[in-house]
Structure formats: C-alpha cells, structure tokens
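Peer 1:
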Amino acid sequence: MTHLHKLRTASVLKWVSSNFDENHLRSARTPIQPIGSFPNGQALRFYKTKRSPVTESCENVDRTSTGNGKISGRISRAVKKEAQAALLDYLYCTRSLQFLDAENMSKNSPHFLKKLIESADNEKKIGQTIARFLRYHPINEFEPFFESLGLKPPEYVPLLPQKLIFLIDDNLLLHNYGVLCHYGIARNKIGKIYTEATEVFQYNVGVLLSKLQAYEELGLSQSALIKFVVASPYLLIGDANASFLNLLGKLKSLGFEISWIQRNLSEKNSYNWSRMLEVLSFLSKMGCSDRRLGELIGQHPDILFEASGERTFSIIGFLLKFGFRMSQVSSLFLQFPRIEVMKFGLNLRKCFFFLNEIGMEVAGIGKIIRSHPLLLGSCALKKTNTLLLHLNIGKKSLCRYIQENPQELKHWVLGRRLRPLDWGNNLRSKTEKAKFLLDIGVVENSNKMKEALNEFQGNGFELQERFDCIVEAGFDPEEVCQMVKVSPRILSQSKDVIEMKINFLVNHLCYPLSTLLIFPKYLTYGTKRVQHRVLMYNWLKDHGTDPTYALSTVVSCSDIYFLRKFVNHHPSGPQVWEDLKRKIYSKQ
11 MTHLHKLRTA SVLKWVSSNF DENHLRSART PIQPIGSFPN GQALRFYKTK
61 RSPVTESCEN VDRTSTGNGK ISGRISRAVK KEAQAALLDY LYCTRSLQFL
111 DAENMSKNSP HFLKKLIESA DNEKKIGQTI ARFLRYHPIN EFEPFFESLG
161 LKPPEYVPLL PQKLIFLIDD NLLLHNYGVL CHYGIARNKI GKIYTEATEV
211 FQYNVGVLLS KLQAYEELGL SQSALIKFVV ASPYLLIGDA NASFLNLLGK
261 LKSLGFEISW IQRNLSEKNS YNWSRMLEVL SFLSKMGCSD RRLGELIGQH
311 PDILFEASGE RTFSIIGFLL KFGFRMSQVS SLFLQFPRIE VMKFGLNLRK
361 CFFFLNEIGM EVAGIGKIIR SHPLLLGSCA LKKTNTLLLH LNIGKKSLCR
411 YIQENPQELK HWVLGRRLRP LDWGNNLRSK TEKAKFLLDI GVVENSNKMK
461 EALNEFQGNG FELQERFDCI VEAGFDPEEV CQMVKVSPRI LSQSKDVIEM
511 KINFLVNHLC YPLSTLLIFP KYLTYGTKRV QHRVLMYNWL KDHGTDPTYA
561 LSTVVSCSDI YFLRKFVNHH PSGPQVWEDL KRKIYSKQ
C-alpha cells in the first residue's frame, strides 16, 4: 500500500505534459521512474527512452500486445475503440465537456491516446483499466484538446498553460473555440488559428462573432471568409485589415472574383496581404497596365500568392543587382515562361552560382544574365562537377564556350544526357563561318553576322559549296550575297537539296528563277508544303480568286491564315484542300 500511495501521489502534470526532449536525452539504460500507476499498484511507463519525440510523432501510433501482456506493436481497432470510448466517457460524463468537443478530443488525439494505451497492462480490459485510472488521476485536458485541433506535440507543448489542466477553467478559450466551430471552421484547422493568433481565444463574449460579421458586411460570403481566416488568422486581430480589403479591391478591378482568390489560397500557408499589395503596386509602377497586369496574374497566380510575393520581389532584386532597368524587368515578367516563380528564381540563382564556380568574371556573368534571363530561369542545371566531368572541358574553356554559345545551357539540365564538347572543332568551324561571311560582305561583329552564325549548319567549305551552287543556277555572286543576308538559313541545306528546290520552282511550278531574288526564303520551305499551297492557289485562281498574290504570300503564311484568306472563300475550297493534301503527302 505504501508503494501504491507513493505512485499515486506522483505529479499528474509530469504524466500529462509531453516532456519529450527530456526523455530523448536519457540513456537507453537509465530506467524511467514511475510517475503514475493504475489501482493494481504496478508501475507504468508513459514515455519511451529509445526514440526521440519527433520520430515517435511521425510513426504509426497503433500498437498490439506482447506475450507478457504489455502493449506494443500495432494496436487493434477494438483496443483503440475501447480507449477512445473510455476517454470520451471521462471528458463528457466526468468533466462535463460538450459532447461534440469531447468526441473530437477522444477521436483526434492519437499521441495522447497512445500514451494512455501504452500505460495499460491489460489489453483484454483496456477500457475498464483506462476508465479506472482516469477516475483517480485527472489529466491535462489541454493536451488532447490542442491535438484534436490539428497540432502535433512539438507544436502544442509550448502552448500548454502553466497553471491550468482543466479546459473548463478557461471559459473564454472554450467560448471562442465554439464560435469558430459554429461558424463552420473545421476543428482540425483551428489549431493553426490558435498558434498564429492566440489572442483571438481570449476575446470577451460577442467580440469574435462581431468581427466575423463585420467582414460579411463588407461583402464576403461565409465560405470565403472561412478560407481567408484559416489562411490568415491575424485577420481576426484588431479592426478589419485594410491591406486585405485593398488587395481584394485591386484584384476585383483587374477582373478577378473572390472565388478565384479562394482557389489560389492554401490553408497550409499564411499570407501577408500588405506585401501582396506591394507586388501589384510595384508591377504597375514598372509600366504594366491594368490589362496586362491582369493577364500576367491570371497566367501566373504564384507571382502574387507564392510566399505572398516574396519570391517575386527576390527575383526583381536579383535582376536589378545585375543592371536591369525597370522596363526590362517589366518586359521579363510579361514574357514569363510556364514555370513556377519559386523554380524560376532557384534556377536563376543556380545558373549564377554555376557561372561563378567556373571562374567567369562578374562582367561576363552580368552580360549573360541581362541578355538571357528567361533562358537561365528555365534551366535546372546539373551540378558544376557533373558538367565539367561529362562535357570533358576545363573551366576556362567552358567560360568561353558559354559566352559564345549561351543557348547551350538548355541542353545541360537535369534529365538530359550530356555529351563531351568538341571545343576545338567548334571554334575552328565558327572561325571558318565568320571568314565566309566576311567574304560575302557581312560586317564583322554585326547583329547580322551573329544571326547568320547561329543559323548556319555546316563548315566554311560546305557553305562556300552551297553558295557556288546557287551562283551556278544563274545568279551573279553579288545577288546571292544579298539573298544570304536576307535569309541566312538558305545555306543550311545541302547542295543537292538546294539544286532540287530550284529545279522544282522553275520546272514544276513554272516560276521564273528571278523569284528567288525577291523571295530567297523559298529555299527554306519543304517542297510538299510549297506544292500544296501553289496547286491550291492555282485552283482558286481558276475559280475567281485574285491572281496577283506573290509566291511569298502564298507560301509563308500559316495554314490557318491561308485557309481563312483563300480556301474558305470558295464553297468547294476546303474539300479540294484536303484532297490535295492527301495526294501530295501520301507520296514517298
């Protein structure tokens, strides 16, 4: 009896509070002192010593009994149900809590329930054992209460009152909790509100409800307000939040309804309405009209909602540091790729670190970032060591290669296979191409030369051979030079292909050779496309269509435009178009 008395007089608070850290620091060999017992006098263990609380909280709390009667492993559904019933009976009948509150606490506090079950030594009579224990050992009711609100032990332990263990002793907490429940806020969401706006639960009777009604009077529906309050509990602190209301007004002026805002909110996150308003204001000051700003936010809501616009400001600050003007930043956002804002910012910084790691000078890095920000933000590069290893190139050579071929970065992203760079041959080929362009009269280092170097496929010898092929067809070298300047891609095809296309133009389509002087880009189109368009246009001319359109107009426009401009004006046009298409494209 003396031993039992000592066990019963042990501190109840020590048993109830989740003193996880202290237990985690104990040695596995150090026995836990019994801090509570059931009426049979046997010592109980309420905490384990071999695992940290965080690990335990993440594991499945179900357990089963072992051969010696103790409960471990998975808990059977029947055992759990009995334990829940015993806890419900205690909270409702003994402690006189509201039934729904007591039921929610008993069913949605798995960690607390686990401690009760693991402390028992009789699985067959688990309900009776726990009921008998609770009859003589009051618990800290704030533990299962906070856990039933969606909080985990590491989150609610710091929130436990120091001098209270009974919920009924905090009338304002229960009252305001009830107001939120009756308003329609899910009980497991209220924990987030408690942690972020604790003072809400100490409002006098009627205050919290009046705040909710004040927002409704401003035009918010109950369902919308629930979503906003869970996402931003501090809306319930003080008067109606001015930044929040101003943001709603601004978004409404841009064409967005409350329902759209709701869809883009996550209850797991918290939002800074003031900063979101600053994002919209900043984008407007950069030159975005309301129409374009609405289109931008509509296509990329995360510009506004991702970390309440913090990611957007981070990208803007990064770009401004590298010399971007406001107009350039605005232009970038208006062309923003289909990628999450957070990923875009991470990619941008990753590219910067990569360029810095390979020893590129700051001026060189800045030049690439200013000229290719969309490319860099869209590329999730592999690690620097991986790139150096698989590209088989040194850092200095890689710097030069990137400065001359920045577009190559898009081929070095995660998930793409890398091939060694043939740096020497690439450099030699580029030198030969540049020499060829100089020979035909293109100004060195001009935009036209840069464009041509990017367009050309082949080495200097091959380019010269293709050039001569066009001259031999019946042109002066000066005329071919002009054709190449207008459309550099005509030399990106083999000599045989060029000869075939010229022959097709003159002998099959019956156009004069001089057509190429006006429309050199003809040589870049496939013969089937050209034949399809020309035959269709010839048929339309025979049926009354204007016969004065140039070959360039007929061939270079899109299919949609060609159908709308020419084909659809004749009742039989679409059918003839499809018949020609099947006939031409079925040929091998």
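Using this note's numbering, count along the sequence shown one by one with no gaps and you end on 598.
By construction, the Cβ of each residue, glycine as well, lies at the ideal position given by its N, Cα and C atoms.
Note that the structure is predicted; figures quoted are calculated from it, not measured.
1) Can you tell me the Cβ-Cβ gap for Gly229 and Asn198, rounded? I've got them flagged as a contact below 8 Å.
2) To the nearest angstrom, how far is it from the Cα of Ser318 to the Cα of Glu350?
3) Roughly how many whole angstroms lie between the Cα atoms of Phe56 and Gly201?
4) Could you check where the alpha helix (DSSP H) with Phe328 kicks off and where it finishes?
5) Please list, in chain order, all residues of the same chain as Ser381 whose beta carbon is under 8 Å from its beta carbon, the five residues on each side excluded.
6) Any idea if Lys405 is buried or exposed, counting beta-carbon neighbours within 10 angstroms, 16 or more meaning buried?
7) Go ahead and label Ala96 buried or exposed: buried means 16 or more other beta carbons lie within 10 angstroms of its beta carbon, across all protein chains shown.
8) With contact counted as at least three CB pairs below 8 Å, one residue from each stretch, are the stretch 504-517 and the stretch 535-544 in contact?
9) Under three-state DSSP, which class holds Leu290?
10) So Cys389 and Leu419 are in contact, right, with Cβ under 8 Å, and what is the actual spacing, rounded?
11) With a cut-off of 8 Å on the beta carbons, I'd call Leu501 and Val494 a contact; round off their distance for me.
12) The alpha helix (DSSP H) spanning Glu549 covers which residue range?
13) Could you say if the stretch 219-228 and the stretch 170-185 meet the contact criterion of at least three C-beta pairs nearer than 8 Å?
14) Could you tell me which residues DSSP puts in a beta bridge with Arg105?
15) Taking a contact to mean a Cβ-Cβ separation below 8 Å, would you say Ile375 touches Leu386 in this structure?
16) Out of Ala252, Leu365, His310, Phe109, which one is the CA nearest neighbour of Leu287?
17) Using a Cβ distance threshold of 8 Å, determine whether the stretch 241-258 contacts the stretch 293-300, with at least three qualifying pairs required.
18) Within this structure, are the beta carbons of Phe315 and Leu275 separated by less than 8 Å?
19) If you draw a straight line from the C-alpha of Arg142 to the C-alpha of Pro243, how long is it?
20) Would you identify the three-state DSSP class for His580, choosing helix, strand or coil?
21) Once the 5 residues before and after Phe254 are set aside, which same chain residues still bring their CB inside 8 Å of it?
22) Among Lys135, Ile203, Tyr521, which one has its Cα closest to the Cα of Val189?
23) According to DSSP, is Arg84 part of a helix, a strand, or is it coil?
24) Can you list the alpha helix (DSSP H) stretches of 4 or more residues lying completely in the stretch 134-193, in chain order?
25) Given Glu113, which residues of its chain have a CB within under 7 Å of its CB, disregarding the five upstream and five downstream residues?
26) Could you tell me the alpha carbon to alpha carbon distance between Leu365 and Lys392, rounded to whole angstroms?
27) Enumerate in chain order the residues of its own chain whose CB-to-CB distance from Gly484 is below 6 Å, with the five nearest sequence positions on each side excluded.
28) Along the alpha helix (DSSP H) that carries Glu418, what are the first and last residues, could you check?
29) Mapping DSSP to helix, strand and coil, what is Leu228?
30) Where does Leu533 sit, in a helix, a strand or coil, going by DSSP?
31) Hey, quick one: how far does the alpha helix (DSSP H) through Gln492 stretch, first residue to last?
32) Let me check understanding here. Comparing Cα to Cα, which of Lys278, Glu277, Gly304 lies closest to Val289?
Peer 2: With the structure as the only source:
1) Actually they are not in contact, since the Cβ atoms of Gly229 and Asn198 sit about 28 Å apart, beyond 8 Å.
2) Approximately 14 Å, taken between the alpha carbons.
3) Its pLDDT being 35, under 50, Phe56 is placed unreliably in this model, and the coordinates cannot settle the point.
4) Taken as a continuous stretch (DSSP letters only), the alpha helix (DSSP H) holding Phe328 covers 320-331.
5) Once the five neighbours on either side are set aside, the close Cβ partners of Ser381 are Pro416.
6) Exposed.
7) So Ala96 ends up on the buried side.
8) The answer is yes - the stretch 535-544 touches the stretch 504-517, with three or more Cβ pairs under 8 Å.
9) Under the three-state reduction of DSSP, Leu290 is assigned to helix.
10) Contact annotation, Cys389 with Leu419: C-beta distance approximately 5 Å; criterion of less than 8 Å satisfied.
11) Their Cβ separation, rounded to whole angstroms, is 6 Å, which keeps Leu501 and Val494 in contact under 8 Å.
12) Just to set this straight, residue 549 is Trp in the shown sequence, not Glu. 537-552 is the span of the alpha helix (DSSP H), which, as asked, contains Trp549.
13) Under the Cβ criterion (8 Å, minimum of three pairs), the stretch 219-228 does not count as touching the stretch 170-185.
14) None; Arg105 has no bridge partner.
15) Their beta carbons are not under 8 Å apart, which means Ile375 does not touch Leu386 by this criterion.
16) Sorting Ala252, Leu365, His310, Phe109 by C-alpha distance to the C-alpha of Leu287 places Ala252 at the top.
17) The stretch 241-258 vs the stretch 293-300: no contact.
18) Yes, the pair counts as a contact, with Cβ atoms nearer than the cut-off.
19) Their backbone Cα atoms lie some 40 Å apart in a straight line.
20) In the structure shown, His580 falls within a coil segment according to DSSP collapsed to helix, strand and coil.
21) Once the five neighbours on either side are set aside, the close Cβ partners of Phe254 are Phe238, Ser242, Leu245, Trp283.
22) Nearest option by C-alpha distance: Ile203.
23) Per DSSP, reduced to three states, the secondary structure at Arg84 is strand.
24) 136-146, 152-158, 163-166, 181-193, all fully within the stretch 134-193.
25) Cβ neighbours of Glu113 beyond the five flanking positions: Leu98.
26) Whole-angstrom Cα-Cα distance: 12 Å.
27) So the qualifying residues of the chain are Leu523.
28) Boundaries for Glu418: no alpha helix (DSSP H) harbours it, and the DSSP string shows neither H nor E there.
29) In the structure shown, Leu228 falls within a coil segment according to DSSP collapsed to helix, strand and coil.
30) DSSP places Leu533 in helix when its eight states are reduced to three.
31) For Gln492, the uninterrupted alpha helix (DSSP H) run begins and ends at 487-496, by DSSP.
32) Comparing Cα-Cα distances from Val289 to each of Lys278, Glu277, Gly304, the minimum goes to Gly304.
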